[in-house]
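Reviewing the structure listed below.
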Amino acid sequence: QVQLVESGGGLVQAGGSLRLSCAASRSIYSINILAWYRQSPGKQRELVASITSGGITNYADSVKERFTISRDNAKNTVYLQMNSLKREDTAVYYCNAFAPPDNSWGQGTQVTVSS
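Residue 307 in this note's numbering sits at position 69 of the sequence shown; the count goes up by one each step and never skips.
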C-alpha cells in the first residue's frame, strides 16, 4: 500500500484559505483515484473531492466553487485548495488513494475555521 502524509491544516478565520497537501510514498501516476475526505465529531466521514488518474474531478455540493483538488504526479502529491472557508468546514481532513486492491488512508490533518 502507498503511505500518505497530510499537511497544511490549522486554524483559520471564516472567509480565509488553506491549502492541504498529501505526500505519497511512491508514484501516484497510476493511482486510479485520489481523494480528500473529512470527518467532524459525531458525523460520518464524507467525500470532499476526488481526482482520477485522467484528471477528472468531482466535488461535494457543499464545497463546489470554493475548493479545488489537484495532483502533481512529478511530486507524488495531491492538493486541496480551500477558499472562502466556513465554520462548517471544520473537520479532520483525510487523504485517500484508491488503487485496487489497495485503499490507503493518511492520518488526517485538523482544519478549524473560527467565526
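Backbone N, C-alpha and C fix where the C-beta goes; we use that ideal spot for every residue, glycine too.
In this structure, the straight-line span from the alpha carbon of L323 to that of Q251 is close to 8 Å. Beta-bridge partners assigned by DSSP to V330: Q277, Q348.
Cβ neighbours of G344 within its own chain (closer than 7 Å, five residues either side excluded): L242, V243, E244, C260, Y332, C333. The region 297-311 makes contact with the region 273-287: 3 or more CB pairs, one atom from each, lie closer than 8 Å.
Bounds of the beta strand (DSSP E) holding I307 are 305-310. As computed with DSSP, A337 is found in a beta bridge with D340. For Q251, the enclosing beta strand (DSSP E) has its first and last residue at 248-251.
The C-beta distance from L256 to W274 rounds to 12 Å, too long to meet the 8 Å contact threshold.
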